[in-house]
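Sequence lines, in order, name chains A and B.
Mapped onto the working numbering, the consecutive letters of the first sequence carry residue numbers 1 to 241.
Mapped onto the working numbering, the consecutive letters of the second sequence carry residue numbers 1001 to 1241.
2 protein chains.
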Amino acid sequence: MSQTLSAQLRLRDLILSGELQPGERLSEPSVAERLGASRTPVRAALVRLAEEGLVKPIPSGGFAVNSFAEEEIHDAIELRGTLEGHAARLAAERGAPGGTLAEMRRLLVRMDEATTPPISEDGFTDYVALNAHFHELLVEAAGSAVVARQIGRVVALPFASPSGFVLAQAALPASQCVLVVAQEHHRAVVEAIEHREAARAEALMREHARLARRNLELVLHDQDSLRLVRGGVLIRRRGWA
Amino acid sequence: MSQTLSAQLRLRDLILSGELQPGERLSEPSVAERLGASRTPVRAALVRLAEEGLVKPIPSGGFAVNSFAEEEIHDAIELRGTLEGHAARLAAERGAPGGTLAEMRRLLVRMDEATTPPISEDGFTDYVALNAHFHELLVEAAGSAVVARQIGRVVALPFASPSGFVLAQAALPASQCVLVVAQEHHRAVVEAIEHREAARAEALMREHARLARRNLELVLHDQDSLRLVRGGVLIRRRGWA
DNA sequence: GTGATACAACCTGTATACAGGCTGGTCTGA
DNA sequence: TCAGACCAGCCTGTATACAGGTTGTATCAC
C-alpha cells in the first residue's frame, strides 16, 4: 500500500474516532510525525480528505478538522435521497441489468432474515452491511458512472451514508419498527424498478432517506447513541459551542 | 498567484482548447517543463483536475486527458437538472432570501432584453453571462452549502454547465425559440419560488435542463457548432474511435 | 519470421532542503 | 496598565534528489 493511501486511511480514522478534535489544525509536520510518513504523502492525503469533506482548508493555508452543523447533515441526507431517487428513476426508466436486480432480490431475503423480530445485536450489524450493499446495487442498477460518482461523493461523509444511523438506532426504542419500514421501502423500490414504475421508484428512495433524517434527530438528543454513529463527534449540535 | 493554481488554470485551458488530445498521457515532467513549474505544483494541479473530471487516473499511475461519451454528458446534464430541481424545491419550501429573489428578478429583465429578437451575437454572449449568474443565484436561493458544493462539482464539466451549449446554439437555426422557452422557465421558477410552489419549481428546473440535452443532440450533428462548445473536443461521438 | 527476453529510458512515489510568510508572544514605551 | 512594534518559531509552498517499478524496444534464439 502506498504511503499516501495509508496516511489517508489512518488520518480518516483519527478524525472519525474523535482523536483529532473538530477545529484542530492539522499541520503537515505534526501529522507526518504521528503517522511516520514524510510531508509529501501526508499533504496528498489531506487534499483527498478535504475533497471528502472531513477536513477544511484554512484561509492562511493548511487544513483543520471539519465539523458539521445539524442542518448540514440534514441537507446531506436529503440530498442523498434526491440522488438515490434519481438513480432509482433511471434504473426504472432505462431498465436495470437482470443480474443486478436478481442480486437485490437475494439481498432482500437476507435482510428480511436479519430484521425478523426480535432483532439481535448481530442482526443489526449484519443489516448494516447488507443495507450498504443494497444501496450500492441500486446505484449500479442505474447504470450511470456519472451518477455513481456523484452519489459516492455525498456518501463519503459517514453520517450521510445509508447505514450511518442504523447502529445508533439499535440503541433506541421503537428502532425495530423503523427497520421494518425501511425494509418495505427496499422491497417496494425493487418492485418499482422491475415494473418500470419510475416515479414510484424515485419517490420511494426520497422517503427512504427521510428515515435517516428522523434517526438523526432522535440520535442527536441521546448522547449515548450518538457515540455509535461513526463520525458523530464531528456533529455540532444546536446551541452548542 | 500560486504555482499550483496557475498550473491548474493553464492546464485546464490546454485540455479544453484541445491542445492536449483526449487520451494523451500527462507525465509530470513534460507538463512541468511546458508550464515552467516544478513537478510538485503540477502534481497538485493534476489531482485537482482529476477531481473535476478533465483528467483521469491511469492504473499504473499518473493521469491522462479524459474524454466523454455522449451518454455521459447526457447523464451529467440530467443530473444537473435533478440537482437544480432539488435546489429550486428547497428554495420554495424554506423560502429564499429576499435579496436573492430581487436580484433574480432584475436579472430576468436584463435577460429579456438580451433575448429580444432579433438576437445579435453580442446578445448571445451577454446571455451566457447572465444565464450563468441566474443559475448561481438559484443555488444561493436554496441556502444550502451542501447542495451548492454538489452542484458545483457537476457544473465543473463545462458541457454540463447551464451555459455550455448556448453559444453553439447561436449557430443553429431555431435557436432563438429555444432561448424564449428557457427564459419562460427562468421566469416561472422565480414565480414558483416566490409562491412557495415547491413541486412546480422542481419540475421546471428539470425540464429546463432538458433544453441542454436537446441542444447537445443538435450540436453533436453539427461539427461547426461543436467547436463553439468549450471542451467540445473531449466529446466522443457515437461510432467514433 | 516470430516469440521471448533483457535492457534502457522514463515515470511515479517519496523524502527532504529551502525560501517566504504568518502567528503568537514578549518587550518596551507612553 | 495598555497599546504597539518587534522577534522567534513554525508552517506552507516549492524545488529537487533518489529509489523502485513500468513500458517499450531491440536483440537474440528458435
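Beta carbons are placed, not taken as given, at the ideal position from N, Cα and C, and that holds for glycine.
What is the residue span of the beta strand (DSSP E) that B:Val1233 lies within?
As a first step, residue 1233 of chain B is located in the second sequence; it is residue number 233 there, counting from the start. Premise fails: B:Val1233 is in no beta strand (DSSP E) and is neither H nor E.
Can you tell me whether DSSP reads B:Pro1057 as helix, strand or coil?
Counted from its first residue, the second sequence places residue 1057 of chain B at position 57. In this structure, B:Pro1057 counts as strand in the three-state DSSP scheme.
Return the residues of the segment 81 to 103 of chain A that lie within a Cβ-Cβ distance of less than 7 Å from chain B, sorted by chain order.
Thr82 and His86
Buried or exposed (CB count within 10 angstroms, at least 16 for buried), A:Ser163
Along the first sequence, one-based indexing puts residue 163 of chain A at 163. By the neighbour-count rule (16 or more Cβ atoms within 10 Å), A:Ser163 is buried.
Let's see if you can read the secondary structure: which residues bound the alpha helix (DSSP H) around B:Ala1114?
In the second sequence, residue 1114 of chain B corresponds to position 114, counting from 1. B:Ala1114 -> alpha helix (DSSP H) spans Gly1098 to Ala1114.
Nonlocal neighbours in the same chain, by C-beta distance under 6 Å from B:Leu1005, ignoring five residues either side:
Residue numbering aside, residue 1005 of chain B sits at position 5 when the second sequence is read from its first letter. Result list for B:Leu1005: empty, nothing under 6 Å.
Between which two residues does the alpha helix (DSSP H) containing B:Ala956 stretch?
Because chain B here runs from 1001 to 1241, residue 956 of chain B falls outside it and cannot be looked at.
Sub-8 Å separation of A:Leu167 and A:Leu218 beta-carbons:
Position 167 of the first sequence, counted from the first residue, corresponds to residue 167 of chain A. Position 218 of the first sequence, counted from the first residue, corresponds to residue 218 of chain A. In this structure, A:Leu218 does not lie closer than 8 Å to A:Leu167 by Cβ.
Quick one: what's got a C-beta closer than 6 Å to B:Ala1241's C-beta in the same chain, skipping five residues either side?
Looking up residue 1241 of chain B in the second sequence gives position 241. Note on B:Ala1241: pLDDT 46, under 50, position unreliable in the model; no value is reported.
Using the three-state DSSP reduction, which class does B:Ala1064 fall into: helix, strand or coil?
As a first step, residue 1064 of chain B must be located in the second sequence, where it is residue number 64. Residue state, collapsed to three classes: strand.
B:Val1037 - containing alpha helix (DSSP H), residue span
Residue mapping note: residue 1037 of chain B aligns to position 37 of the second sequence, counting from 1. Sequence inspection shows Ala at residue 1037 of chain B; the Val mentioned does not correspond to that position. Neither: B:Ala1037 is in no alpha helix (DSSP H) and is coded neither H nor E.
Which same chain residues end up closer than 6 Å to B:Ile1015 when comparing Cβ atoms and leaving out the 5 residues on each side of it in sequence?
Locating residue 1015 of chain B in the second sequence gives position 15, counting from the first residue. Once the five neighbours on either side are set aside, the close Cβ partners of B:Ile1015 are Leu1054 and Val1065.
Answer with buried or exposed for A:Ser225, where buried requires no fewer than 16 other C-beta atoms within 10 angstroms of its C-beta.
Taking the first sequence and counting its residues from 1, one reaches residue 225 of chain A at position 225. Flag for A:Ser225 reads buried.
Does the Cβ of B:Ile1077 have 16 or more other Cβ atoms within 10 Å, making it buried, or fewer, making it exposed?
Here residue 1077 of chain B corresponds to residue number 77 of the second sequence, with the count starting at 1. It is buried - the Cβ of B:Ile1077 has at least 16 other Cβ atoms within 10 Å.
Could you work out which residues of chain B lie near A:Arg25, taking near to mean beta carbons separated by less than 7 Å?
What you label residue 25 of chain A is simply residue 25 of the first sequence in a count that begins at 1. Those do not exist, as A:Arg25 stays about 20 Å from chain B at its closest Cβ, beyond 7 Å.
Count the CB pairs spanning the segment 181 to 191 of chain A and the segment 203 to 217 of chain A that are closer than 8 Å, and state whether there are at least three.
yes
Are B:Gln1003 and B:Arg1048 close, meaning C-beta to C-beta below 8 Å?
Translated into positions along the second sequence, residue 1003 of chain B becomes position 3. Translated into positions along the second sequence, residue 1048 of chain B becomes position 48. No, the Cβ-Cβ distance between B:Gln1003 and B:Arg1048 is not below 8 Å.
Could you name the residues of the same chain whose beta carbon sits closer than 6 Å to that of A:Arg25, not counting the 5 residues immediately before and after it, in chain order?
As a position in the first sequence, residue 25 of chain A is number 25, starting the count at 1. The residues are Ala64.
Check the Cβ of B:Ser1144 against every Cβ in chain A and list those closer than 7 Å, keeping chain order.
As a first step, residue 1144 of chain B must be located in the second sequence, where it is residue number 144. The contacting residues are Asp75.
How would you write the range of the alpha helix (DSSP H) that A:Arg94 sits in, first residue to last?
Along the first sequence, read from residue 1 onward, the residue named residue 94 of chain A stands at position 94. Glu70 to Arg94 is the extent of the alpha helix (DSSP H) around A:Arg94.
Beta bridge counterpart(s) of A:Leu26 as assigned by DSSP
Translated into positions along the first sequence, residue 26 of chain A becomes position 26. Answer is A:Phe63.
At a Cβ threshold of 8 Å, is A:Gln8 touching chain B?
One-based indexing of the first sequence puts residue 8 of chain A at position 8. No, because no Cβ of chain B sits closer than 8 Å to the Cβ of A:Gln8.
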